[in-house]
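Colleague: Here you go, one structure.
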Amino acid sequence: MTDSPNQENSPSPSDIEALQASVVRYRELAEMLPETIFEINADGRLTYVNTRAFHHFGYTREEFEAGILAVDIVAPQDRPRAIANISRLLQGEDDLGLTEYTVLRKDGSTFPALFHSTPILRDNHPVGLRGFVIDISSLRHTEEELHQARAELERRVQERTVEFQEANSRLMREVAERRAAESALQKSEERYRTLLANLDDIVYTVAVSGIITFVSDQVRRYGYEPEELIGRNFSEMVDPRDRDLALQDLKESLQQTEAEEVGKMLEFRLLSQKGEVFWAEERGRLLRDESGNLAGVTGIIRDITERHRREAELLATQQVRQAVWQMRTTDDFQQFLKTVKSSLEILEIPFSNCGVNVLEMERHPPKLSTHTIDLDSDVHNASLTKGAQLLLNAWRSDEILYRRDLHTEDRYNERRFMTEDFNAPIRSILDVPFSHGTVAVNSTEPEAFSEAHIASLQLLAEVLSEAFRRVEDLRHLENRNRKLTQGRREMERLITGLRASSQPTNPVSIDGTTQPPGTAPLSDEQTQQLILLDRLEGDLLDSWEDLFPTIELVDIALFGERLIQLGNRFAYSSLTNLGEKLLTQSSLGQVDELPQSLEEYLKIIDELKSLAGA
Numbered sequence: 003m004t005d006s007p008n009q010e011n012s013p014s015p016s017d018i019e020a021l022q023a024s025v026v027r028y029r030e031l032a033e034m035l036p037e038t039i040f041e042i043n044a045d046g047r048l049t050y051v052n053t054r055a056f057h058h059f060g061y062t063r064e065e066f067e068a069g070i071l072a073v074d075i076v077a078p079q080d081r082p083r084a085i086a087n088i089s090r091l092l093q094g095e096d097d098l099g100l101t102e103y104t105v106l107r108k109d110g111s112t113f114p115a116l117f118h119s120t121p122i123l124r125d126n127h128p129v130g131l132r133g134f135v136i137d138i139s140s141l142r143h144t145e146e147e148l149h150q151a152r153a154e155l156e157r158r159v160q161e162r163t164v165e166f167q168e169a170n171s172r173l174m175r176e177v178a179e180r181r182a183a184e185s186a187l188q189k190s191e192e193r194y195r196t197l198l199a200n201l202d203d204i205v206y207t208v209a210v211s212g213i214i215t216f217v218s219d220q221v222r223r224y225g226y227e228p229e230e231l232i233g234r235n236f237s238e239m240v241d242p243r244d245r246d247l248a249l250q251d252l253k254e255s256l257q258q259t260e261a262e263e264v265g266k267m268l269e270f271r272l273l274s275q276k277g278e279v280f281w282a283e284e285r286g287r288l289l290r291d292e293s294g295n296l297a298g299v300t301g302i303i304r305d306i307t308e309r310h311r312r313e314a315e316l317l318a319t320q321q322v323r324q325a326v327w328q329m330r331t332t333d334d335f336q337q338f339l340k341t342v343k344s345s346l347e348i349l350e351i352p353f354s355n356c357g358v359n360v361l362e363m364e365r366h367p368p369k370l371s372t373h374t375i376d377l378d379s380d381v382h383n384a385s386l387t388k389g390a391q392l393l394l395n396a397w398r399s400d401e402i403l404y405r406r407d408l409h410t411e412d413r414y415n416e417r418r419f420m421t422e423d424f425n426a427p428i429r430s431i432l433d434v435p436f437s438h439g440t441v442a443v444n445s446t447e448p449e450a451f452s453e454a455h456i457a458s459l460q461l462l463a464e465v466l467s468e469a470f471r472r473v474e475d476l477r478h479l480e481n482r483n484r485k486l487t488q489g490r491r492e493m494e495r496l497i498t499g500l501r502a503s504s505q506p507t508n509p510v511s512i513d514g515t516t517q518p519p520g521t522a523p524l525s526d527e528q529t530q531q532l533i534l535l536d537r538l539e540g541d542l543l544d545s546w547e548d549l550f551p552t553i554e555l556v557d558i559a560l561f562g563e564r565l566i567q568l569g570n571r572f573a574y575s576s577l578t579n580l581g582e583k584l585l586t587q588s589s590l591g592q593v594d595e596l597p598q599s600l601e602e603y604l605k606i607i608d609e610l611k612s613l614a615g616a
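First residue of the sequence shown? That's 3 in my numbering, and the numbers climb one at a time after it.
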């Protein structure tokens, strides 16, 4: 006796169970996504949202289930456009792609978001829409140096989110078609494997004990085979410096038995199979077995090494630049070197000693002054002749000088005196030129510095060049200040002579000498001009002297504003123009142009002298 055709084509209980498991897996993936997934019916009401929607919009699950119009979560100014786009999609028009709206939360607050919707088809007729929402408010505040990298990451996340949504949509339709359950299951599993293969991120599963039970093929880019990691504790991949942090996070996550997401987004360092360090960002979710018991954690690991490097470089250069602007003379190297040491540690550059070698080119032969700091923050300053010619040649050619291992190749005969000077077996040395010498690091390890380390040191070298130019500018400005002080004394003498000459009984000339009897006194208008000139000259010099000795860009800006005020007050265009120029240059950080602009102040003093002489 044979089975009937209906029985032969009907799915078996195992097929249905496998299909249900696949649905659960895809539903869990949808719930794990960091963005809102939604469905709406033909009436425009939300019929499904994932858990992330409650965090984004501030509604409870009960409020969503009670029925919310999709346009209610869109700000009033964007609702007409949203209604029109929904109507177009329900009428069968093409995919509109990503559309930006201002989203309205339950509490009345708003944030910008990207929407993507596709029609839900039944018998080739749209019966609703399905899509996702991406919160892009954080993108408005991202540092410019990281914008391109994060934009690229966001693009990939959007692409993968669309692929997951499409896969989930297809799976839901396949589940509804029970007679095609086996075929639908095979297709879904194949799509799942394809999606995992195309993801840039590592997908993993870890048991409660910390043992890895699954890891995607993306680990191959770090030298591992997935099979060799399964059965090992995940902490073996974590850098020893962050191992306690990762283990504590797993412990705390497993204690959150009611939480759907595991803890918080965590950043830590991982090790490649060769021991190389890369930074990772991890987000996980609790796993439960069929009985609801806690089985472990599943999640995604994203490589953020490049982003972390850029952030570290930004912090380090800002820190050094701030120290630079606090320097007054080259004697301030002790505190500056401590800042350089701290910045190298932020950049994770390995070193035994670091420092700055200064070449004084005005001397013959050139003098080499070395300023170094070790791991204990002890600073050493010395004038050396050993290696001076080598560093001079590197500086003149503007080439990076990297001695990778003095034990295997000591081309410049440095091994002996470097070991003596630093009381340690120095193996590798790196000198990066800047405007007045080189930035130097050394290590007791061979080939201690990578290309990334060299690039970071080049950034610090640029900042150090700023330091020396600043010291030179300060000296130049101080010389100008001495000339201005002398000019003030001369101006005061001229003003005194002019005041005295305005008295009919006082025979004093304009330069303070005796004037022949009968000289005509100054008119009331001339006398009033002298009074205004005196006040103007005093205000100008007071403003100038405020710049010293703690001159900063903000001081230049304030000086410029005061010149504008004085120029407008006395209708003196030279002052107004100079003030506007100084304000613009200081605001834009045009340091190299400031000394020339400030010299114009001397010309204004000369104009005032001429005016007094008239």
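All C-beta atoms, glycine included, are put in the ideal place defined by N, C-alpha and C.
Within 10 angstroms of the Cβ of residue 117, are there 16 or more other Cβ atoms? Answer buried if so, exposed if not.
Modeller: With 16 or more other Cβ atoms within 10 Å, it is buried.
Colleague: Look up residue 17 in the DSSP assignment and say whether it is helix, strand or coil.
Modeller: The answer is helix: DSSP assigns residue 17 an H, G or I state.
Colleague: What residue does the alpha helix (DSSP H) around residue 276 start on, and which one ends it?
Modeller: Premise fails: residue 276 is in no alpha helix (DSSP H) and is neither H nor E.
Colleague: Going by DSSP in three states, residue 221 sits in which element: helix, strand or coil?
Modeller: Reduced to three states, the DSSP call for residue 221 is helix.
Colleague: Below 8 Å, how does it come out for the segment 114-130 and the segment 43-52: are there three or more Cβ pairs, yes or no?
Modeller: Touching, yes, given that three or more Cβ pairs across the two stretches are closer than 8 Å.
Colleague: Going by alpha carbons, who is nearest to residue 255 out of 229, 209, 436?
Modeller: Checking every option, the nearest Cα to that of residue 255 belongs to 209.
Colleague: Are the segment 353-364 and the segment 435-446 touching by the rule of at least three beta carbon pairs closer than 8 Å?
Modeller: The segment 353-364 is in contact with the segment 435-446.
Colleague: Compare the Cα-Cα distances from residue 471 to each of 414, 411, 323 and report the closest residue.
Modeller: Looking at the Cα atoms, 323 is the closest of the given residues.
Colleague: Give me, in chain order, the residues of the same chain whose beta-carbon lies closer than 8 Å to that of residue 465; leave out the 5 immediate sequence neighbours on both sides.
Modeller: Closer than 8 Å at Cβ, skipping near neighbours: 319, 322, 323, 326.
Colleague: Quick check: the segment 452-466 against the segment 342-351, are there 3 or more CB pairs under 8 Å?
Modeller: Segments in contact, yes.
Colleague: Give the secondary structure of residue 74 by DSSP, where H, G and I count as helix, E and B as strand, and everything else as coil.
Modeller: It is helical.
Colleague: With distance defined between alpha-carbon atoms, name the residue in 138, 91, 93 nearest to residue 112.
Modeller: Nearest of 138, 91, 93 to residue 112, Cα basis: 138.
Colleague: Spell out the partners DSSP gives residue 105 in its beta bridges.
Modeller: For residue 105, which the question treats as bridged, DSSP gives the partners 76, 113.
Colleague: Helix, strand or coil for residue 438? Go by DSSP, reduced to three states.
Modeller: It is coil, neither helix nor strand.
Colleague: On the CB-based measure, 16 or more other CB atoms within 10 Å of its CB, does residue 298 come out buried or exposed?
Modeller: With 16 or more Cβ atoms within 10 Å of its Cβ, residue 298 is classed as buried.
Colleague: Could you tell me which residues DSSP pairs with residue 130 in its beta bridges?
Modeller: DSSP lists 43, 122 as partners of residue 130.
Colleague: What alpha helix (DSSP H) runs, 4 residues minimum, are completely inside the segment 394-442?
Modeller: Those alpha helix (DSSP H) runs which fall completely within the segment 394-442 and span 4+ residues are 417-424.
Colleague: Which complete alpha helix (DSSP H) runs does the segment 299-329 hold, if anything under 4 residues is left out?
Modeller: Taking only runs of at least 4 residues, the alpha helix (DSSP H) segments lying wholly in the segment 299-329 are 307-327.
Colleague: Could you please give me the residues that DSSP links to residue 38 through a beta bridge?
Modeller: BP columns for residue 38 point to 135.
Colleague: Just reading off the alpha helix (DSSP H) that residue 204 is part of, what are its end residues?
Modeller: Where residue 204 is concerned, there is no enclosing alpha helix (DSSP H), although the beta strand (DSSP E) it sits in stretches over 204-209.
Colleague: Exposed or buried, which one is residue 232 when buried takes at least 16 other CB atoms within 10 Å?
Modeller: Result: exposed.
Colleague: Can you tell me where the alpha helix (DSSP H) with residue 346 in it begins and where it stops?
Modeller: Element bounds for residue 346: 335-348.
Colleague: Please check the pair residue 393 and residue 370, which I expect to be a contact at CB under 8 Å, by giving their CB distance rounded to whole angstroms.
Modeller: At roughly 6 Å, the Cβ-Cβ gap stays under 8 Å, so residue 393 and residue 370 are in contact.
Colleague: Which of helix, strand or coil does DSSP assign to residue 91?
Modeller: Residue 91 falls in the helix class under three-state DSSP.
Colleague: When you compare each of 55, 434, 429, 596 to residue 446 by their alpha carbons, which one comes out closest?
Modeller: Answer by Cα proximity: 429.
Colleague: Would you mind stating whether residue 302 and residue 285 have Cβ atoms separated by less than 7 Å?
Modeller: Going by C-beta atoms, residue 302 is nearer than 7 Å to residue 285.
Colleague: Indicate whether at least one CB of chain B lies closer than 7 Å to the CB of residue 456.
Modeller: You won't find chain B in this structure, because it holds only one protein chain.
Colleague: To the nearest angstrom, how far is the alpha carbon of residue 396 from that of residue 605?
Modeller: Using only the alpha carbons, I get a separation of about 42 Å.
Colleague: For residue 314, I'd like the list of residues in its chain whose CB is within less than 6 Å of its CB, leaving aside the five on either flank, ordered along the chain.
Modeller: The answer, listed in chain order, is 348, 349.
Colleague: According to DSSP, is residue 251 part of a helix, a strand, or is it coil?
Modeller: Residue 251 falls in the helix class under three-state DSSP.
Colleague: Rounded to a whole number of angstroms, what is the C-alpha to C-alpha distance between residue 504 and residue 575?
Modeller: Caution is warranted here: a pLDDT of 45 is assigned to residue 504, below 50, making its placement in the model unreliable, and the coordinate value is therefore given only provisionally. C-alpha separation (whole angstroms): 27 Å.
Colleague: Among residues of its own chain, excluding the 5 on either side of residue 239, which ones have a beta-carbon nearer than 7 Å to its beta-carbon?
Modeller: Same-chain partners within the cutoff: 272, 273.
Colleague: Helix or strand or just coil, what does DSSP make of residue 444?
Modeller: In the structure shown, residue 444 sits in a strand (DSSP, three-state: E or B).
Colleague: How about residue 584 and residue 558: are their beta carbons less than 7 Å apart?
Modeller: Result yes, Cβ atoms of residue 584 and residue 558 sit closer than 7 Å.
Colleague: Is the beta carbon of residue 432 closer than 7 Å to that of residue 404?
Modeller: Cβ atoms of residue 404 and residue 432: closer than 7 Å.
Colleague: By Cβ distance below 6 Å, which residues in the same chain neighbour residue 577 in space, the five residues on each side in sequence not counted?
Modeller: 565, 568, 569, listed in sequence order.
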